[in-house]
Amino acid sequence: MMPAPAQNTCMRDYARVNGFNFRLSVLELMYDNCYAQLFRLINEMPSNSNICLYSILLLPLGRALKLQECLKLLISKNIKSHFIFEKIVTQDYIEVQSYLASIEFSSQILNENLNDIQDVFNSLLK
Amino acid sequence: MDHINDAQNFFLENGYVKFNNKSSISYQLIRDVIATELEQYGFDFESIHKKIKIDELNNVRMNIFNKINSIKNWDDHLYSIGGEVISKIIGNEISIQNKLNFSIQMPGDKLSQIPMHTDRAGGHSLFECVLWIAFTTSNKTSSMYIVDPETSISILNELPNYELNGINLLEKKYLNKLKFIEVVPGDCILFSSNLYHGNVVNEEASTRISINCRFKSLWAPEYKKYPNERVTGSFYKPYKLSPVSIFASKFLNKEPKFV
Chain A
0 MMPAPAQNTC
10 MRDYARVNGF
20 NFRLSVLELM
30 YDNCYAQLFR
40 LINEMPSNSN
50 ICLYSILLLP
60 LGRALKLQEC
70 LKLLISKNIK
80 SHFIFEKIVT
90 QDYIEVQSYL
100 ASIEFSSQIL
110 NENLNDIQDV
120 FNSLLK
Chain B
0 MDHINDAQNF
10 FLENGYVKFN
20 NKSSISYQLI
30 RDVIATELEQ
40 YGFDFESIHK
50 KIKIDELNNV
60 RMNIFNKINS
70 IKNWDDHLYS
80 IGGEVISKII
90 GNEISIQNKL
100 NFSIQMPGDK
110 LSQIPMHTDR
120 AGGHSLFECV
130 LWIAFTTSNK
140 TSSMYIVDPE
150 TSISILNELP
160 NYELNGINLL
170 EKKYLNKLKF
180 IEVVPGDCIL
190 FSSNLYHGNV
200 VNEEASTRIS
210 INCRFKSLWA
220 PEYKKYPNER
230 VTGSFYKPYK
240 LSPVSIFASK
250 FLNKEPKFV
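In order, the protein sequences belong to chains A and B.
According to numbering that gives the first Met the number 0, the first sequence holds residues 0 to 125 in order.
According to numbering that gives the first Met the number 0, the second sequence holds residues 0 to 258 in order.
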C-alpha cells in the first residue's frame with residue numbers, strides 16, 4: 000500500500016481538480032482488521048455526501064460482516080464513494096461488492112496456483 | 000512548571016508537562032513568519048476568523064505550513080524553545096519529526112476538528128512525545144484536550160467494542176475525562192503519544208493558532224509493520240546524537256568476515 004502522505008497528496012489533488020472542499024483526511028488505526036476510523040467517518044457523515052478513499056482495498060476486504068455493515072451504511076446515507084486508484088466513482092454498491100469479490104477471487108486463484116506449483120515441486124522431490 | 004526538575008515527576012504521573020518559553024528568540028521568529036503570512040487578515044491572531052473565510056482556510060493553512068517548514072534550521076529553533084524540557088523527559092539522543100505541523104482552529108469550523116485519538120494507535124512509536132506550542136490564548140473548546148493515562152488505557156481496551164457503531168460514542172462516554180488545557184502564547188505542552196487527545200468544534204469567540212512536532216529517543220523502538228510510515232527515515236530524522244553514537248557509527252558493518 001502506498002504511504003499515507005502520498006495517498007493524502009493524491010486525495011488533496013483529486014479534491015482540487017474536481018472542485019471539492021478538502022477537509023483533513025482520516026488515518027486508520029494500525030491494528031489488524033481494524034476499521035474503526037472508517038466506520039467513525041461514515042457514521043458521522045451527513046446523507047448525500049461524498050467519501051474519498053485512496054483505494055477500494057481500504058474497505059473491509061475479507062471481513063464479510065464488516066463489509067456488509069459498511070456498504071449498508073453507505074447505501075442508507077446515499078453516500079457517493081470515490082476510489083482514486085481504481086478511478087471508480089459510484090453509488091452502486093452492488094458494483095463495489097462484485098469488484099471486491101473479483102479481487103478476492105483472483106487472490107484465491109493466485110494462492111491456489113502457488114499451492115499447485117508447490118505440490119509439483121514436492122512430488123518432484125519425492 | 001516553576002522548576003525544571005519538577006517536569007519529570009509531573010510527566011511520570013500525568014504523561015504530559017506544560018511550560019512557557021514566550022521569551023525565546025526562536026518562538027518570536029516562528030511567530031513572525033506566521034504573522035507575515037496572516038498580515039493581510041490583521042495582526043490579532045485571536046480575531047483572525049473575522050477576516051478569513053472558511054473556504055480560504057485550507058490554503059492559508061498550507062501556505063503557513065510551507066513557510067514555517069522552510070525556515071532555515073527550523074528544527075534547531077524548535078529545539079531551542081522546548082529542548083531543555085525535552086532532554087529531561089526523552090533524553091539527550093533524539094529523533095525529530097521531519098515536518099513541523101501547523102494548526103488553526105477558528106470558531107465554528109467543523110472541518111478542522113481532529114477527533115479523540117492517540118498517536119500510538121496510528122503507528123507512531125510508543126516512546127514518542129508531541130511538542131505542542133500555542134501562539135494564542137486558548138481555553139475550553141478553543142484549546143486541545145488530553146485524556147489522563149488510566150482512561151487512555153481503558154479507551155484502548157474498549158476500542159474493538161465500538162468499531163462498528165463509531166468510536167465517537169467512546170469519546171462521548173468519556174466526555175467528562177477530556178481535560179482542556181488552558182494556554183497563553185508561548186505555552187508548550189510536551190505529551191506522550193500514548194495519551195488520547197484531540198479537539199472539538201471551537202465554540203469560543205477566539206481563534207487558536209498552534210504548531211506541533213514529535214520527538215522520540217533516537218534508539219527507542221518504532222513500529223516496523225509499515226516500513227515506509229511512521230519510522231525514522233520517512234517520518235522522524237535523527238537529530239541529536241551523542242559523541243559515542245557518532246564515534247560508533249564509524250565502526251558499523253566493520254565486523255570481520257570468517258570463511
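The beta-carbon is built from N, C-alpha and C at its ideal position, and this holds for glycine as well.
When the distance is taken between beta carbons, is S94 of chain B closer than 8 Å to Y235 of chain B? Result yes, Cβ atoms of Y235 of chain B and S94 of chain B sit closer than 8 Å.
Report the neighbours of Y222 of chain B on chain C: residues whose CB is nearer than 9 Å to its CB, in chain order. Of the protein chains in the structure, A and B, none is chain C.
Could you name the residues of the stretch 151-165 of chain B whose beta carbon sits closer than 8 Å to any beta carbon of chain A, in the order they occur along the chain? Using a CB distance below 8 Å, the part of the stretch 151-165 of chain B facing chain A consists of L158, P159, Y161, E162, L163, N164 and G165, ordered along the chain.
Only counting the same chain, and skipping five residues up and downstream in sequence, which positions put a Cβ closer than 6 Å to that of I230 of chain B? A small correction: the amino acid at residue 230 of chain B is Val; Ile does not occupy that position in the sequence shown. The answer, listed in chain order, is E221.
Positions along the stretch 18-42 of chain A whose CB lies within less than 8 Å of some CB in chain B: In summary, the residues of the stretch 18-42 of chain A whose CB is separated from some CB of chain B by less than 8 Å are N20, F21, R22, L23, L26, L28, M29, Y30, C33, Y34, A35, Q36, F38, R39 and N42, in the order they occur in the chain.
For I74 of chain A, I'd like the list of residues in its chain whose CB is within less than 7 Å of its CB, leaving aside the five on either flank, ordered along the chain. These residues qualify, in order along the chain: Y92.
Under a Cβ-count criterion, where at least 16 other Cβ atoms within 10 Å of its own Cβ denotes burial, should V129 of chain B be classed as buried or exposed? Buried, since its Cβ has 16 or more Cβ neighbours within 10 Å.
Is the shortest distance between the beta-carbon of L174 of chain B and the beta-carbons of chain A less than 8 Å? Residue-level contact check: L174 of chain B does not touch chain A, since none of the beta carbons of chain A fall below 8 Å from its beta carbon.
Rounded to the nearest angstrom, what separates H76 of chain B and F101 of chain B at their Cα positions? Distance between the alpha carbons of H76 of chain B and F101 of chain B is about 15 Å.
Of all the options B:K98, B:S124, B:I132 and B:H116, which has the alpha carbon lying nearest to the alpha carbon of L217 of chain B? The shortest C-alpha to C-alpha distance from L217 of chain B to any of B:K98, B:S124, B:I132 and B:H116 is the one to B:S124.
Neighbouring residues, chain A, relative to I63 of chain B (Cβ below 9 Å): Within 9 Å Cβ-Cβ: nothing; I63 of chain B doesn't reach chain A, min ~15 Å.
Anticipated Cβ contact below 8 Å, A89 of chain B with Y78 of chain B, distance rounded: Looking at the sequence shown, residue 89 of chain B is not Ala but Ile. Rounded, the Cβ-Cβ distance is 11 Å, inconsistent with contact.
What number of angstroms, rounded off, separates the C-alpha of H196 of chain B from the C-alpha of N138 of chain B? Whole-angstrom Cα-Cα distance: 15 Å.
Contacts that P45 of chain A makes with chain B (C-beta to C-beta distance below 9 Å): Near P45 of chain A there are no residues of chain B at all, since even the closest Cβ is about 11 Å away, more than 9 Å.
Let's see if you can read the secondary structure: which residues bound the alpha helix (DSSP H) around N49 of chain A? Element bounds for N49 of chain A: not the alpha helix (DSSP H) but the beta strand (DSSP E), N49 to L52.
According to DSSP, simplified to helix, strand and coil, what is K79 of chain A? Note: K79 of chain A maps to strand in three-state DSSP.
Distance, Cα to Cα, K71 of chain A vs C51 of chain A? Cα-Cα distance, rounded: 17 Å.
From which residue to which residue does the alpha helix (DSSP H) around K223 of chain B run? Taken as a continuous stretch (DSSP letters only), K223 of chain B belongs to no alpha helix (DSSP H), as it is neither H nor E.
With distances taken from CA atoms, which of B:V183, B:S23 and B:L158 is nearest T117 of chain B? Ranking B:V183, B:S23 and B:L158 by Cα distance to T117 of chain B puts B:L158 first.
Go ahead and pull the three-state DSSP assignment for Y144 of chain B. Taken through DSSP and simplified to helix, strand or coil, Y144 of chain B comes out as strand.
Could one say the Cβ of A120 of chain B lies closer than 8 Å to chain A's Cβ atoms, at least one of them? At least one chain A Cβ lies under 8 Å of A120 of chain B.
So A3 of chain A contacts chain B; which residues on that side make the cut at Cβ distance below 7 Å? Those within 7 Å of A3 of chain A in chain B are E228.
Against E103 of chain A, what residues of chain B qualify as contacts under a CB-to-CB distance less than 7 Å, listed in chain order? Taking the beta carbon of E103 of chain A as reference, no residue of chain B falls within 7 Å; the closest one sits roughly 21 Å away.
So, under 8 Å CB-CB, E127 of chain B and S233 of chain B are touching, yes? Tell me the CB distance rounded to an integer number of Å. Incorrect: roughly 14 Å between the Cβ atoms, too far for contact.
Can you tell me whether DSSP reads Q96 of chain B as helix, strand or coil? Taken through DSSP and simplified to helix, strand or coil, Q96 of chain B comes out as strand.
Own chain partners of D186 of chain B with C-beta closer than 7 Å, once the 5 adjacent residues on each side are dropped: Around D186 of chain B: K17, N19 and A133.
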